[in-house]
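*Asks:* Questions regarding the structure given below will be posed in turn.
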Amino acid sequence: MDYKVISKGLLDTIKKLALFCIGLYTLFLIKSVIIYIAIAGVIALIAYPLKSYLKRRFNFSNNSALLAVVVLFLLILTAFLSLFIPLIIQEARDLSLINMDEFKSNINLTFDSLNQSTLKYGLDLSSLNLGDVILNKINNAPKIFKSIINTVGSYSVGVFSVCFIAFFFIKESELIGDFFISVLPIENEKEIKSSITKIKKLLSRYFIGLSIQILIVFILYLVSLMVIGVGNPLVIAFLCAILNLIPYVGPLIGLILMYVLALTDNINMDFQNEFIPLIIKISVAYGITQFIDNNFSQPIIFSKSVNSHPLEIFLVIFTFGVLFGIIGMIIAVPLYTVIKVILKEFYPNNPVVKALTENL
Numbered sequence: 239m240d241y242k243v244i245s246k247g248l249l250d251t252i253k254k255l256a257l258f259c260i261g262l263y264t265l266f267l268i269k270s271v272i273i274y275i276a277i278a279g280v281i282a283l284i285a286y287p288l289k290s291y292l293k294r295r296f297n298f299s300n301n302s303a304l305l306a307v308v309v310l311f312l313l314i315l316t317a318f319l320s321l322f323i324p325l326i327i328q329e330a331r332d333l334s335l336i337n338m339d340e341f342k343s344n345i346n347l348t349f350d351s352l353n354q355s356t357l358k359y360g361l362d363l364s365s366l367n368l369g370d371v372i373l374n375k376i377n378n379a380p381k382i383f384k385s386i387i388n389t390v391g392s393y394s395v396g397v398f399s400v401c402f403i404a405f406f407f408i409k410e411s412e413l414i415g416d417f418f419i420s421v422l423p424i425e426n427e428k429e430i431k432s433s434i435t436k437i438k439k440l441l442s443r444y445f446i447g448l449s450i451q452i453l454i455v456f457i458l459y460l461v462s463l464m465v466i467g468v469g470n471p472l473v474i475a476f477l478c479a480i481l482n483l484i485p486y487v488g489p490l491i492g493l494i495l496m497y498v499l500a501l502t503d504n505i506n507m508d509f510q511n512e513f514i515p516l517i518i519k520i521s522v523a524y525g526i527t528q529f530i531d532n533n534f535s536q537p538i539i540f541s542k543s544v545n546s547h548p549l550e551i552f553l554v555i556f557t558f559g560v561l562f563g564i565i566g567m568i569i570a571v572p573l574y575t576v577i578k579v580i581l582k583e584f585y586p587n588n589p590v591v592k593a594l595t596e597n598l
């Protein structure tokens with residue numbers, strides 16, 4: 239037995255393991271930078287088709303198209319901040335002024351009455367402590383809104399960083415491809431170039447489709463809440479539309495948020511005779527919106543943007559959710575798209591790859 243060979247192999251393994259651990263720890267230390275780069279990349283992918291359209295349709299120069307796109311994004315950001323931040327601050331202020339003792343008494347009386355009604359049918363709701371659940375949500379709501387404001391303020395440097403990085407991603411989009419070509423094996427240059435081109439195209443379509451989906455959900459929620467008469471419909475509709483980014487779980491969180499904000503906005507109305515009907519109306523509006531989104535806008539937009547079957551997308555999101563939680567559900571579709579493109583370029587004759595990528 240050659241102990242020198244064994245010891246050398248063991249040392250090499252230890253070195254590789256140590257380097258791997260150092261790499262993971264380094265990534266953990268710069269996780270904020272990685273997040274900034276990822277967000278900037280998404281913005282650049284959304285902006286890329288618009289920049290190309292301006293150059294192709296109106297003969298804009300690269301710098302002119304870049305300037306137009308940047309101005310458009312800055313206008314959208316400014317409109318968002320000027321519209322929603324004051325409304326969120328006002329909502330937090332209103333929540334802090336609630337007379338919790340009076341409100342608690344009103345809720346407990348209502349649920350006691352409801353429980354008396356359900357007891358006739360052998361259903362005891364007292365163990366659910368529904369009143370305490372709602373009160374806890376109300377108590378936490380001001381803290382949530384305040385934390386949102388504090389987060390926006392504390393991440394102002396991050397917002398600037400994202401804008402700065404996104405500017406250069408949009409301006410020099412070709413440099414990203416050149417970087418990957420320079421660090422990866424030269425013999426695969428053709429496949430790498432083709433993969434980068436397809437990934438850029440598909441992800442651009444995906445994130446544009448995602449933006450359209452959020453806009454559709456936002457409009458549906460906004461119209462519904464305005465018809466119902468809920469206060470601050472813009473804030474509620476926007477927050478619930480953003481939560482819709484989290485597949486399956488996000489819409490349920492959005493529904494709870496609707497209930498809580500509608501309750502706090504109508505704190506003085508009779509809980510049983512006025513607020514319960516309001517809750518029913520919100521539930522119906524939510525159900526209609528989710529039905530339209532789940533059966534029309536989401537399957538069409540997702541399947542068309544990344545050329546994948548709706549069932550395939552569902553299984554991918556479900557699998558990533560089980561493995562990596564909410565973050566996995568959010569990144570599932572774009573990451574799966576990247577993997578499919580790479581597999582098709584490097585293993586085009588594999589039967590499994592052929593079956594999965596026949597529409598790419």
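Residue numbers for the sequence shown follow this note's numbering, beginning at 239 and rising by one.
Heads up, the beta-carbon is just placed ideally off N, CA and C, and yes, glycines get one too.
Every value quoted in this text rests on a predicted model; they were computed, and no experiment measured them.
(1) Determine the direct distance from the alpha carbon of residue 247 to that of residue 682, and round the result to whole angstroms.
(2) CA-CA distance, residue 467 and residue 514?
(3) Would you check if the segment 572-586 and the segment 432-448 touch, i.e. whether three or more CB-CB distances between them fall below 8 Å?
(4) Just to confirm my understanding: we take residue 492, look at its own chain, exclude 5 residues before and 5 after, and list those with CB closer than 6 Å. What are they?
(5) Since residue 277 is in the alpha helix (DSSP H), which residue starts that stretch and which ends it?
(6) Return the Cβ separation of residue 462 and residue 557 in integer angstroms, given the expectation that the two are a contact with Cβ distance under 8 Å.
(7) What ranges does the alpha helix (DSSP H) occupy inside the segment 490-544, keeping only unbroken runs of at least 4 residues that lie completely in it?
(8) Have a look at 400, 308, 318 and flag the residue whose alpha-carbon is nearest the alpha-carbon of residue 272.
(9) For residue 447 versus residue 568, is the C-beta distance shorter than 7 Å?
(10) Mind reading off the beta-carbon distance from residue 404 to residue 278? Whole number of angstroms is fine, and I expect it under 8 Å.
(11) What is the DSSP secondary structure of residue 301, reduced to helix, strand or coil?
(12) Going by CA-CA distance only, name the one from 274, 495, 309, 586 that's closest to residue 432.
(13) Residue 398 and residue 280 - do their beta-carbons sit closer together than 7 Å?
(14) Which class does residue 583 belong to by DSSP, given the choice of helix, strand or coil?
(15) For a test of the three-state rule: what should DSSP assign to residue 251, helix, strand or coil?
(16) Residues in the same chain with beta-carbon distance under 6 Å from residue 211, minus the five sequence neighbours each way, listed in chain order, please.
(17) Given this structure, state the Cα-to-Cα distance separating residue 520 from residue 443, to the nearest angstrom.
(18) Whole angstroms are fine: how far does the CA of residue 554 sit from the CA of residue 285?
*Replies:* If we stick to the structure as given:
(1) In this structure the chain extends from 239 to 598, so residue 682 is not present and cannot be described.
(2) 14 Å
(3) yes
(4) 478, 481
(5) 269-295
(6) Between residue 557 and residue 462 the Cβ distance is about 33 Å, and since that is not below 8 Å, they are no contact.
(7) 514-530, 536-544
(8) 400
(9) no
(10) 4 Å
(11) helix
(12) 586
(13) no
(14) helix
(15) helix
(16) Any answer about residue 211 is impossible in this case: the structure gives the chain only from 239 up to 598.
(17) 32 Å
(18) 26 Å
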